[in-house]
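Presented below is the structure to which this report refers.
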Amino acid sequence: MKPATKKSSPSEDRYLVPAVEQASRILFCLAGARASHLSLIEICGHVGIHKSKAFSVLRTLQKFGLVQRNSGRRGYSLGPGLITLSRRFLDDLSAPKLAGPILEALASRTDSMAALGLISEKDVFVVAKHERDIGVTLRIGHRFPLTYGSHGKAIAAFMPEEERESLLKEKKLYFHGDPANLNRERLKRELAQCRLDGFALDMGEMKPGLNTIAAPVMGHNGAPIGYIVVLGFFAPEAARRFGKLVAEAGKVLSEQLGAQIDAG
17 MKPATKKSSP
27 SEDRYLVPAV
37 EQASRILFCL
47 AGARASHLSL
57 IEICGHVGIH
67 KSKAFSVLRT
77 LQKFGLVQRN
87 SGRRGYSLGP
97 GLITLSRRFL
107 DDLSAPKLAG
117 PILEALASRT
127 DSMAALGLIS
137 EKDVFVVAKH
147 ERDIGVTLRI
157 GHRFPLTYGS
167 HGKAIAAFMP
177 EEERESLLKE
187 KKLYFHGDPA
197 NLNRERLKRE
207 LAQCRLDGFA
217 LDMGEMKPGL
227 NTIAAPVMGH
237 NGAPIGYIVV
247 LGFFAPEAAR
257 RFGKLVAEAG
267 KVLSEQLGAQ
277 IDAG
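For the sequence shown, the numbering used here begins at 17 and goes up steadily by one.
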């Protein structure tokens with residue numbers, strides 16, 4: 017029962033850290049075991065490492081909750097710490113499926129395209145959408161800068177303050193399109209308004225005539241993991257009414273993903 021590993025070239029192997037590789041093999045070994053737990057000797061046999069080394073690795077994994085010693089001290093199994101590690105991945109995996117009906121309803125009520133984007137470091141990627149016949153399309157997998165337009169404002173407004181301050185120190189910010197057009201005083205007002213309203217607007221600034229409204233999608237840790245946005249040619253006077261719908265859609269999806277959303 018050898019754990020499946022990605023093959024690497026000799027030149028790549030020289031960058032591997034032996035202790036980390038051994039820990040990874042032990043985790044995959046426990047995950048693939050038919051029994052609910054494995055003894056130290058069984059783990060050594062499956063993974064192919066010395067007993068003293070395996071014991072040290074297991075003790076380290078125990079410290080972080082990634083492995084647990086079973087009652088009776090008869091063996092080892094995976095620990096609850098892995099739930100924390102996998103939670104973000106599972107959120108990202110389930111978000112597009114959960115968003116489907118929400119985006120469809122939002123697109124219908126606004127006669128606009130609705131989309132879901134998820135954060136990946138300094139970018140966001142479109143992972144789900146529902147289009148209307150309005151001459152606007154968006155490709156799944158399309159990447160935008162994190163700070164781009166309305167979704168950038170929605171994400172930044174609800175970031176933890178320390179993260180937001182760090183983000184705003186970056187040289188290239190796309191909240192108002194070209195970084196050269198950034199107006200920091202105006203942005204400060206927009207972020208404050210977004211925190212009050214629950215949504216952010218871009219009225220034709222990114223693309224003339226195309227208006228967008230975005231709201232954050234929050235993760236279980238209380239920080240944004242992405243956004244919901246509507247894109248269309250709706251009249252400016254409809255923006256705030258549509259904004260409330262987008263904000264509500266963001267809250268619904270956030271709650272479905274395990275976020276705790278304050279009432280109101």
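The beta carbon of each residue, even a glycine, is placed where N, CA and C say it ideally should be.
Item                                                                                                                       : Value
Three or more C-beta pairs below 8 Å linking the region 178–195 and the region 262–275                                     : no
Sheet register partners of P240 (DSSP bridge)                                                                              : M234
Cβ-based neighbour list, E10, same chain, cut-off 8 Å, excluding 5 preceding and 5 following                               : Because the chain is modelled from 17 through 280, residue 10 falls outside the range shown and cannot be assessed.
Cβ pair count under 8 Å reaching 3, the region 118–127 against the region 93–109                                           : no
Under the three-state DSSP convention, the category R50 falls into                                                         : coil
Proximity of G248 and I150 at Cβ, strictly below 7 Å                                                                       : yes
Chain-order list of residues whose beta-carbon lies under 6 Å from that of F160 (same chain, five-residue window excluded) : V140
H146: first and last residue of the uninterrupted beta strand (DSSP E) it sits in                                          : D139 to H146
Cα-Cα separation between A20 and F44, rounded to whole angstroms                                                           : Because A20 carries a pLDDT of 46, less than 50, the predicted location of this residue cannot be relied on, and the following value inherits that uncertainty. Looking at the two C-alpha atoms, the distance is approximately 8 Å.
Distance, L132 Cα to V152 Cα                                                                                               : 15 Å
Assigned exposure category for A230 - 16 Cβ within 10 Å defines buried                                                     : buried
Status (buried if at least 16 other CB within 10 Å, exposed otherwise) for I57                                             : exposed
Length of the line joining the Cα atoms of S93 and N237                                                                    : 26 Å
With 16 other Cβ atoms within 10 Å as the buried cut-off, status of P240                                                   : buried
Neighbourhood of H158 by C-beta distance below 8 Å, restricted to the same chain and skipping five residues each side      : F141 and V142
Pick from L98, R90, H146 and R103 that is closest to P117, judged by C-alpha positions                                     : H146
According to DSSP, residues forming a beta bridge with G116                                                                : Note: G116 sits in no beta bridge, so no partner.
Paired residues, beta bridge with F160 - DSSP                                                                              : V140
Integer Cβ distance of L217 from A172, believed to fall under 8 Å                                                          : L217 to A172, Cβ: 14 Å. No contact.
Those residues which DSSP pairs with N227 across a bridge                                                                  : M219 and G248
Beta-carbon proximity check, Q272 vs L114, cutoff 7 Å                                                                      : yes
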